[in-house]
Amino acid sequence: MATAKGSKVKLDLSRIPAHIAIIMDGNGRWAKRRFLPRVAGHKQGMQNVKTITKAASRLGVKVLTLYAFSTENWKRPGSEVNYLMRLPVDFFNDFMPDLIKENVKVEVMGELTDLPEPTRQASEKAMADTANNTGMILNFALNYGGRDELVHAAQKLAKQVQEGTLKPEEIDDSRFSSALMTGFLGPMADPDLLIRTSGELRISNFLLWQIAYSELVFVDDYWPDFSPAALESAIADYQARDRRFGGL
Ligand SMILES: Cc1cc(N2CCCCCC2)n2ncc(-c3ccc(F)cc3)c2n1
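Residue numbers are given in this note's numbering: position 125 of the sequence shown equals residue 940, and the series is strictly consecutive.
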């Protein structure tokens, strides 16, 4: 069994989960513990996105989906939302050369039309500039909500039935999966492993359809402290499990 170099855990590199999704939680508490403003936690959290992106890419992960901003996050104080909306711009300004070097392909899913123009433009430019990359897909969920996604998929399919291009009895799992924001991922749309940091044991309206058979790993680390070693440990937990997909 080939194992990751210098790793504290023994990983089977032939069984790395193809799609890992992460709820990057605990940034505000990370800052509070250090008597820093909440936005300092978000800034450190963004730095860690770069670290974990590289680590996942080098382990052979095919898709890394990161929950960056939920449809509920608009309820936060205006100053915090304004800071958060600038992070995608800063991320690509700082990290695009590294993403190109890592052959990472950027995707951004969510209600992008509701985003501030600079945020949306930076996201769209990053997707265009990395469209021909063939390495790991770095898929940001930005202004994303799982129920919002399900409603939009239902509306899309209902419109096709109304137009006569689809029969109701033709709507099956595969057709519904294709109608979701993760449809572009095809057979890799459903995360093999969902990780949530900061000790919270909730799904928080993330990938509600897609995680039906995902392995869930909850870690106590706040996101800014979630290290490549912690990622490997979560993958080792995943590899130690016996996935049944509802079977015996
Ligand atoms: C809103 C927000 C918050 C955000 N945080 C840092 C990570 C922890 C979660 C909260 C704060 N990060 N980190 C990276 C992005 C990002 C999003 C889209 C994109 F195309 C490129 C980068 C980001 N976006």
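C-beta: ideal position from N, C-alpha, C; glycine also.
Since this is a predicted model, take the numbers as computed values, not measurements.
* For N948, the three-state DSSP class (helix, strand or coil) -> Note: N948 maps to coil in three-state DSSP.
* To do: Taking only the alpha-carbon atoms, compute the straight-line gap between K890 and L1000 and give it to the nearest angstrom.
  => If you take the alpha carbons of K890 and L1000, they lie about 30 Å apart.
* Asked: Using a threshold of 7 Å, is the CB atom of S938 nearer than that to any non-hydrogen atom of ligand 1?
  -> Result yes, Cβ under 7 Å from ligand 1.
* Asked: Taking Cβ to Cβ, would you say M839 is nearer than 8 Å to G860?
  -> Yes, the pair counts as a contact, with Cβ atoms nearer than the cut-off.
* **Check: F955 C-beta below 7 Å from any heavy atom of ligand 1** => Flag set: Cβ of F955 near ligand 1.
* Does at least one heavy atom of ligand 1 sit under 7 Å from the Cβ of N947? -> Answer for N947: no, Cβ out of range of ligand 1.
* Asked: So A871 and I835 are in contact, right, with Cβ under 8 Å, and what is the actual spacing, rounded?
  -> Yes, they are in contact, since the Cβ atoms of A871 and I835 sit about 6 Å apart, within 8 Å.
* To do: Return yes when the Cβ of T997 is within less than 8 Å of the Cβ of Q970, no when it is not.
  => With respect to the 8 Å criterion, Q970 and T997 are not classified as neighbours on the basis of their beta carbons.
* Runs of beta strand (DSSP E) lying entirely within the region 923 to 976, each at least 3 residues, in chain order -> The beta strand (DSSP E) runs of length 3 or more contained entirely in the region 923 to 976 are, from start to end of the chain, 952 to 959.
* Asked: Are the CB atoms of E939 and K869 nearer to each other than 8 Å?
  -> No. Outside cutoff.
* Is F1033 helix, strand or coil when you go by DSSP? -> Here F1033 sits in strand by DSSP.
* Kindly indicate which residue of V896, Q862, L965, P931 has the alpha-carbon position closest to the one of F910. => Nearest of V896, Q862, L965, P931 to F910, Cα basis: Q862.
* Looking at Y959 and M924, is the spacing between their C-beta atoms short of 8 Å? -> At a Cβ-Cβ threshold of 8 Å, M924 and Y959 count as neighbours.
* Asked: The alpha helix (DSSP H) spanning I867 covers which residue range?
  -> Counting along the chain, the alpha helix (DSSP H) containing I867 begins and ends at 853 to 874.
* Is F850 helix, strand or coil when you go by DSSP? -> F850 falls in the coil class under three-state DSSP.
* Asked: Can you name, in chain order, every residue of its own chain whose Cβ lies under 8 Å from the Cβ of Y898, other than the five neighbours on each side?
  -> Spatial neighbours of Y898 in its own chain (CB-CB distance under 8 Å, excluding positions within 5 residues in sequence) are listed in chain order as V854, H857.
* Asked: Do E1030 and L1008 have their C-beta atoms closer together than 8 Å?
  -> Inclusion of E1030 and L1008 in the CB contact set at 8 Å is warranted, their separation being smaller than that value.
* Helix, strand or coil at T880 [DSSP, three-state] -> Taken through DSSP and simplified to helix, strand or coil, T880 comes out as strand.
* Asked: Cβ of V854 within 7 Å of any heavy atom in ligand 1?
  -> No; taking the cut-off as 7 Å, the Cβ of V854 has no heavy atom of ligand 1 nearer than that.
* Asked: So what does DSSP say about S992, is it helix, strand or coil?
  -> DSSP places S992 within a helical segment (H, G or I) once states are collapsed to three.
* To do: List the DSSP bridge partners of S885.
  => Paired residues: Y959.
* **CB-CB length for L957 against F884, believed under 8 Å** => 5 Å between Cβ atoms; contact.
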